[in-house]
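Notes follow the structure.
Protein chains: 2
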Amino acid sequence: MTPELISGAAERLSGHIRVTPLLNSPVIDRIAQRRVFVKAECLQHTGSFKYRGAKAAITRLQGSGWTGGILAYSSGNHAQGVARAAREAGMTAVIVMPSDAPQVKVAATKAYGAEVVLYDRVAQSREEIGLQLAKERGLHLVKPYDDPDVISGQATVGLEIAQQASDLGIENAEVTVCCGGGGLTSGVALALAEKQPDFIVRTVEPVGFDDVARSLAAGHIQKNERASGSICDAILTPAPGELTFPIIAEHCGKGLVVSDDDALHAMSLAAQHLKITLEPGGAVALAAALFKTDSFAADTVIAVASGGNVEKDVFLRALDTH
Amino acid sequence: MTPELISGAAERLSGHIRVTPLLNSPVIDRIAQRRVFVKAECLQHTGSFKYRGAKAAITRLQGSGWTGGILAYSSGNHAQGVARAAREAGMTAVIVMPSDAPQVKVAATKAYGAEVVLYDRVAQSREEIGLQLAKERGLHLVKPYDDPDVISGQATVGLEIAQQASDLGIENAEVTVCCGGGGLTSGVALALAEKQPDFIVRTVEPVGFDDVARSLAAGHIQKNERASGSICDAILTPAPGELTFPIIAEHCGKGLVVSDDDALHAMSLAAQHLKITLEPGGAVALAAALFKTDSFAADTVIAVASGGNVEKDVFLRALDTH
Numbered sequence: 001m002t003p004e005l006i007s008g009a010a011e012r013l014s015g016h017i018r019v020t021p022l023l024n025s026p027v028i029d030r031i032a033q034r035r036v037f038v039k040a041e042c043l044q045h046t047g048s049f050k051y052r053g054a055k056a057a058i059t060r061l062q063g064s065g066w067t068g069g070i071l072a073y074s075s076g077n078h079a080q081g082v083a084r085a086a087r088e089a090g091m092t093a094v095i096v097m098p099s100d101a102p103q104v105k106v107a108a109t110k111a112y113g114a115e116v117v118l119y120d121r122v123a124q125s126r127e128e129i130g131l132q133l134a135k136e137r138g139l140h141l142v143k144p145y146d147d148p149d150v151i152s153g154q155a156t157v158g159l160e161i162a163q164q165a166s167d168l169g170i171e172n173a174e175v176t177v178c179c180g181g182g183g184l185t186s187g188v189a190l191a192l193a194e195k196q197p198d199f200i201v202r203t204v205e206p207v208g209f210d211d212v213a214r215s216l217a218a219g220h221i222q223k224n225e226r227a228s229g230s231i232c233d234a235i236l237t238p239a240p241g242e243l244t245f246p247i248i249a250e251h252c253g254k255g256l257v258v259s260d261d262d263a264l265h266a267m268s269l270a271a272q273h274l275k276i277t278l279e280p281g282g283a284v285a286l287a288a289a290l291f292k293t294d295s296f297a298a299d300t301v302i303a304v305a306s307g308g309n310v311e312k313d314v315f316l317r318a319l320d321t322h
Numbered sequence: 001m002t003p004e005l006i007s008g009a010a011e012r013l014s015g016h017i018r019v020t021p022l023l024n025s026p027v028i029d030r031i032a033q034r035r036v037f038v039k040a041e042c043l044q045h046t047g048s049f050k051y052r053g054a055k056a057a058i059t060r061l062q063g064s065g066w067t068g069g070i071l072a073y074s075s076g077n078h079a080q081g082v083a084r085a086a087r088e089a090g091m092t093a094v095i096v097m098p099s100d101a102p103q104v105k106v107a108a109t110k111a112y113g114a115e116v117v118l119y120d121r122v123a124q125s126r127e128e129i130g131l132q133l134a135k136e137r138g139l140h141l142v143k144p145y146d147d148p149d150v151i152s153g154q155a156t157v158g159l160e161i162a163q164q165a166s167d168l169g170i171e172n173a174e175v176t177v178c179c180g181g182g183g184l185t186s187g188v189a190l191a192l193a194e195k196q197p198d199f200i201v202r203t204v205e206p207v208g209f210d211d212v213a214r215s216l217a218a219g220h221i222q223k224n225e226r227a228s229g230s231i232c233d234a235i236l237t238p239a240p241g242e243l244t245f246p247i248i249a250e251h252c253g254k255g256l257v258v259s260d261d262d263a264l265h266a267m268s269l270a271a272q273h274l275k276i277t278l279e280p281g282g283a284v285a286l287a288a289a290l291f292k293t294d295s296f297a298a299d300t301v302i303a304v305a306s307g308g309n310v311e312k313d314v315f316l317r318a319l320d321t322h
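From first to last, the protein sequence lines are chains S and H. Quick note on the UniProt record's numbering: the first sequence kicks off at 1 and runs consecutively. Quick note on the UniProt record's numbering: the second sequence kicks off at 1 and runs consecutively.
Below, the structure written as structure tokens:
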């Protein structure tokens, strides 16, 4: 990973991605007991930041002359990002998705023209299925996080945060990031290490799926015991990536953990006060800012709200209960 | 109204207002049977475009040396915009609000430090109460729409649309605008007449409160028969303004009307597919784009989603029923 890889991705993405706003609200600030800004990646094309990494990887492939199909495995957000970026590049896409993925994500992936192959998240390995399909059908695998081009695409979230924070006169902040495999976190951490070196990046995960927090504490990669059982489907990855973890370990502070109910509460407050729709896995970074107030030293937290692709019944539950 | 008034407001507002994104979604396009872009003013400070006009008027007052208090009458969005802009200018604010205004708007106005005076929307005239209070307490009245500075502030929505449409390569579009007193519509129409003269602005109102559509058809100002009875509280103004109507009549196409249920349906689709929270009165422009498909000739509609300050029970109703 080099700064040139990130600036190259930023150039390829310019004009294709949305520069998402940094939102805030006095009510959110009051609850969090400090200034909170939310990087609203739910407003990105396909409803999550994943389009950035997919677009970065697929435009690079285009540049290298690849004209075949694309394969990806994903719980749904990377799926949509890859499906859209592949269609824009005139490539076919085959996406391996868990059978318990939200229907809204499966439907949206198909709507972008991709072929969807379902698998059992508990009994089967998506990596194995993916590699086999890639081999059989001559597809190029775009990994969800452990790929330098994907990380460099996600890093553009960090470049935007650095610029937007500078415009707002923010000199010191902790930046909370929803963390699954670590593609977004490592990209944001690399971008900020270069552009805003005083900012501290903090990973946020749901209770029971805190592989990154435990890996950071242990100093080497730890796995989750379970593969499912949280509403935060977007970030239930078995372990941090081989490529992403060393970056996270070098640049990030202590990992944070929130409950599913904290995520639902953050979703309700985001809908009411920031006017955005978040999915549970996309709300944990805001949940940490709101409800883990003792975990921060800085007077400003920037929370990356990574996605908004939520089933309506889960969204209604969040609003009904909070 | 001159172009200089608008460019002056844009300069004063720069760095204070959010440049709100223009959002779209393939699902929305499919339902609308054409390309639809949504100008997400629900993401503006205070949750609606009204902050722009209030900020434009109050910064102008500051420039003229006024150090007294501010008075405004409003169903809630202008109230919050004025309360915030007054506080930023170090001025006190007194806001006259209807007693049936959403509690969320009354609470937010108070949270910005304003004093709230309630009145009966049916039996009393807010204009009379406002003028009397202004006289008694030496306050400067910032009108909700019939004020050149307020219109010039709202016009910055149009300047942004012109630039964003140009960036997206959109050469022809109809621009639907939620219309109460006409401050936003006249501002957007003036800005687009200068910057994108081929765009056609269309007003949108709820059934039963179509004073602007009827005024446009008649060629002179018509009043609404009722003062309340729609969930679209933000845009239930008795009649278009003396200052705004001639501008609307000169620049806008035929007025559009949608039902309250159309507004709720648009709110639900916006939350699911654009990831934004809209209030009923802020959703009618999108509702027209979605459900009045025969009313447009252009292949692109840009809908101004003017605000997102909705009571939770109304938002839940929208999501539950659609």
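A virtual CB, placed ideally from N, CA and C, is assigned to each residue, including glycine. The structure presented is a predicted model; accordingly, all values stated were derived computationally and were not measured.
8 Å Cβ cutoff met for residue i and residue j
| i | j | result |
| --- | --- | --- |
| residue 284(H) | residue 206(H) | yes |
| residue 83(H) | residue 113(H) | yes |
| residue 318(S) | residue 268(S) | yes |
| residue 192(H) | residue 158(H) | yes |
| residue 70(S) | residue 140(S) | yes |
| residue 249(H) | residue 266(H) | no |
| residue 77(H) | residue 224(H) | no |
| residue 303(S) | residue 176(S) | yes |
| residue 295(S) | residue 256(S) | yes |
| residue 220(S) | residue 264(S) | no |
| residue 94(S) | residue 137(S) | yes |
| residue 189(H) | residue 204(H) | no |
| residue 130(S) | residue 106(S) | no |
| residue 36(H) | residue 301(H) | yes |
| residue 281(S) | residue 178(S) | yes |
| residue 290(S) | residue 32(S) | yes |
From the options, residue whose alpha carbon lies closest to that of residue i
| i | options | result |
| --- | --- | --- |
| residue 11(S) | 44(S), 26(S), 56(S) | 56(S) |
| residue 50(H) | 180(H), 197(H), 274(H) | 180(H) |
| residue 91(H) | 106(H), 75(H), 65(H), 221(H) | 65(H) |
| residue 246(S) | 194(S), 35(S), 143(S), 186(S) | 186(S) |
| residue 6(S) | 310(S), 153(S), 241(S) | 153(S) |
| residue 237(H) | 102(H), 144(H), 99(H), 53(H) | 144(H) |
| residue 68(S) | 194(S), 292(S), 87(S), 22(S) | 87(S) |
| residue 241(S) | 80(S), 182(S), 161(S) | 182(S) |
| residue 24(H) | 104(H), 14(H), 105(H), 39(H) | 39(H) |
| residue 167(S) | 298(S), 233(S), 196(S) | 196(S) |
| residue 8(S) | 108(S), 293(S), 63(S), 110(S) | 63(S) |
Contacts of residue i in chain S (Cβ-Cβ under 9 Å)
| i | result |
| --- | --- |
| residue 21(H) | 18, 19, 20, 21, 40, 43 |
| residue 316(H) | 316, 319, 320 |
Partner residues on chain S for residue i, Cβ-Cβ distance less than 8 Å
| i | result |
| --- | --- |
| residue 26(H) | 111, 112 |
Residue i - DSSP class collapsed to helix/strand/coil
| i | result |
| --- | --- |
| residue 48(H) | strand |
| residue 239(H) | coil |
| residue 1(H) | coil |
| residue 34(S) | coil |
| residue 19(S) | coil |
| residue 156(S) | helix |
| residue 225(S) | coil |
| residue 200(S) | strand |
| residue 324(H) | This structure leaves residue 324(H) out entirely; chain H is present only between 1 and 322. |
| residue 182(H) | coil |
| residue 70(H) | strand |
| residue 118(H) | strand |
| residue 246(H) | helix |
| residue 97(S) | strand |
| residue 252(H) | strand |
Within chain H, the residues that residue i reaches when beta carbons sit closer than 8 Å
| i | result |
| --- | --- |
| residue 271(S) | 271, 277, 315 |
Proximity test, residue i beta-carbon vs the ligand ADP heavy atom, cut-off 7 Å
| i | result |
| --- | --- |
| residue 269(H) | As far as ligands go, the structure on display features none, and thus does not contain the ligand ADP. |
Listed by chain order, chain S residues near residue i by CB distance under 7 Å
| i | result |
| --- | --- |
| residue 47(H) | 275 |
| residue 308(H) | 275 |
| residue 312(H) | 272, 319 |
Query raised in the report: Do three or more CB pairs link the region 137-157 of chain H to the region 48-63 of chain H at distances below 8 Å?
Result: Touching, per the Cβ criterion.
Query raised in the report: If you pair each beta-carbon of the region 20-40 of chain S with each one of the region 213-221 of chain S, do three or more pairs fall below 8 Å?
Result: no
Query raised in the report: Does the pairing of the region 41-52 of chain S with the region 167-176 of chain S give three or more beta-carbon distances under 8 Å?
Result: no
Requested in this report: Flag this pair as touching only if the region 270-280 of chain S and the region 262-280 of chain H have three or more C-beta atom pairs under 8 Å; answer yes or no.
Outcome: yes
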